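To get this note's numbering, take the position in the sequence shown, counting from 1, and add 1312. Shown next, in structure tokens, is the structure this report addresses.
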Amino acid sequence: MTQSTPLPTLHFVASDRPEAREACKELQDRYGIVPLEQADVIVALGGDGFMLETLHANLRARKPVYGMNWGSVGFLMNDYAIEGLPERVAEADRTIIHPLQMDAWAQTGEVHSGLAINEVSLLRQTRQTAKLRVTVNDRVRLEELTCDGCLVATPAGSTAYNLSAHGPIIPLDAPSLALTPISAFRPRRWRGALLSHTARVRFEVLEAEKRPVSATADNFEVRNVKAVEVRERRDISLVMMFDAGRTYEERVLAEQFAG
1313 MTQSTPLPTL HFVASDRPEA REACKELQDR YGIVPLEQAD VIVALGGDGF
1363 MLETLHANLR ARKPVYGMNW GSVGFLMNDY AIEGLPERVA EADRTIIHPL
1413 QMDAWAQTGE VHSGLAINEV SLLRQTRQTA KLRVTVNDRV RLEELTCDGC
1463 LVATPAGSTA YNLSAHGPII PLDAPSLALT PISAFRPRRW RGALLSHTAR
1513 VRFEVLEAEK RPVSATADNF EVRNVKAVEV RERRDISLVM MFDAGRTYEE
1563 RVLAEQFAG
């Protein structure tokens, strides 16, 4: 960045946590209040969940989002500091992510669609295990998966629910998706699959009335589904920003070597 390069204008948003709200006011007092439509970058104060909310709210404007951690989990966030923020943002590395499209058919026949930045997940609704037929690119890969659920995760979401379900961590620049079972009972040894980002995944719910299943695209849930299709939306690009030397790729690498 040269001395003559103008610094980015910033629009601040914060989660409901009082500490985040207070920090947001402090930053606005220091750097001014810029309307969203006039800002170059959105600065989000909160945790990873709030970063997800901000990216969803930003689907229309699609402005870069620079997060600072004021939440319980901050894997997607930068450290909070008030000094020199425009300079930090100007020098930050940019990471492009693409969401997943979920199309879910309810037992009533209605079709519901949503976008997921982290993952699309199917979960059993009752004490009964779910039974799913899994198809990838029009070819049935599992005739019957008995489980608590199953999910398809983006690289950005691979360190979230997917990691907790023992799915693989995917670098953000890898053209891949994770297909990960949740507490698979049969086939008991199936641990999931790593798919191309062009893959089209279809889940069919077997015994849907006896074993009801819900489908969720991040925080958008559809109950009592009978089929769900998932694919990547490469035509939608969202930008997250990370401090130089603290890129998402470096964090993913560090996570894989964590004790």
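Where is the CB? At the ideal position from N, CA and C, for every residue including glycine. Given the structure is predicted, the values throughout are model-derived calculations rather than measurements.
Self-check item: Rounded straight-line distance, which links the Cα of K1538 to that of A1416
Solution: As a first step, residue 1416 is located in the sequence shown; it is residue number 104 there, counting from the start. As a first step, residue 1538 is located in the sequence shown; it is residue number 226 there, counting from the start. So the alpha carbons of these two residues sit roughly 8 Å apart.
Self-check item: According to DSSP, residues forming a beta bridge with D1405
Solution: Start at 1 with the first residue of the sequence shown, and residue 1405 comes out as number 93. In DSSP, D1405 forms a bridge with F1554.
Self-check item: Neighbour-count burial assignment, K1337, 16 or more Cβ in a 10 Å radius
Solution: The residue given as residue 1337 occupies position 25 in the sequence shown. K1337 is exposed by the Cβ-count criterion.
Quiz prompt | Exposed unless 16 or more other CB atoms sit within 10 angstroms - verdict on T1314 | solution = Taking the first residue of the sequence shown as position 1, residue 1314 is located at position 2. Model confidence at T1314 stands at a pLDDT of 49, short of 50, so the residue's coordinates are unreliable and nothing is read from them.
Practice problem: Using only alpha-carbon positions, find the residue among F1532, A1373, V1542 and F1324 that is nearest to R1344. | Solution: Counting from one through the sequence shown, the residue named residue 1344 turns up at place 32. The residue you asked about is not Arg; residue 1344 is Gly in the sequence shown. Answer by Cα proximity: F1324.
Quiz item: Is it right to say P1483 is buried, meaning 16 or more other beta carbons lie within 10 angstroms of its own, or is it exposed?
Solution: To locate residue 1483, count along the sequence shown from 1; it is residue 171. Looking at its Cβ environment, which holds fewer than 16 other Cβ atoms inside 10 Å, P1483 is exposed.
Quiz item: What runs of the alpha helix (DSSP H), each 4 residues or longer, lie entirely inside the region 1461-1534?
Solution: 1473-1476
Quiz item: Given a threshold of 16 other Cβ atoms within 10 Å of its Cβ, counted over all protein chains shown, does Q1440 qualify as buried or as exposed?
Solution: In the sequence shown, the residue the question calls residue 1440 occupies position 128. Using a 10 angstroms sphere on the CB of Q1440, the tally of other CB atoms stays under 16, which defines it as exposed.
Quiz item: If you draw a straight line from the C-alpha of R1374 to the C-alpha of A1404, how long is it?
Solution: Looking up residue 1374 in the sequence shown gives position 62. Looking up residue 1404 in the sequence shown gives position 92. Their Cα atoms are separated by approximately 17 Å.
Quiz item: Any chance the region 1426-1445 sits against the region 1523-1530, with 3 or more Cβ pairs inside 8 Å?
Solution: yes
Quiz prompt | C-alpha gap between V1517 and P1499, whole angstroms | solution = Reading the sequence shown from its first residue, position 205 is the one you call residue 1517. Reading the sequence shown from its first residue, position 187 is the one you call residue 1499. Rounded to the nearest angstrom, the two C-alpha atoms are 16 Å apart.
Exercise. Within 10 angstroms of the Cβ of A1261, are there 16 or more other Cβ atoms? Answer buried if so, exposed if not.
Key: What is shown of the chain runs 1313 to 1571, which leaves residue 1261 out entirely.
Self-check item: Residue range of the unbroken beta strand (DSSP E) whose run includes H1323
Solution: As a first step, residue 1323 must be located in the sequence shown, where it is residue number 11. Element bounds for H1323: L1322 to A1326.
Exercise. Please list, in chain order, all residues of the same chain as S1495 whose beta carbon is under 7 Å from its beta carbon, the five residues on each side excluded.
Key: Position 183 of the sequence shown, counting from 1, holds the residue named residue 1495. C1459 and D1460, listed in sequence order.
Exercise. Please work out which residues of its chain come closer than 6 Å, Cβ to Cβ, to L1454, disregarding the five sequence neighbours upstream and downstream, and give them in chain order.
Key: The residue you call residue 1454 lines up with position 142 of the sequence shown. V1446, listed in sequence order.
Exercise. Give me the Cα-Cα distance between N1381 and V1542, rounded to the nearest whole angstrom.
Key: Here residue 1381 corresponds to residue number 69 of the sequence shown, with the count starting at 1. Here residue 1542 corresponds to residue number 230 of the sequence shown, with the count starting at 1. N1381 and V1542: Cα-Cα distance of roughly 31 Å.
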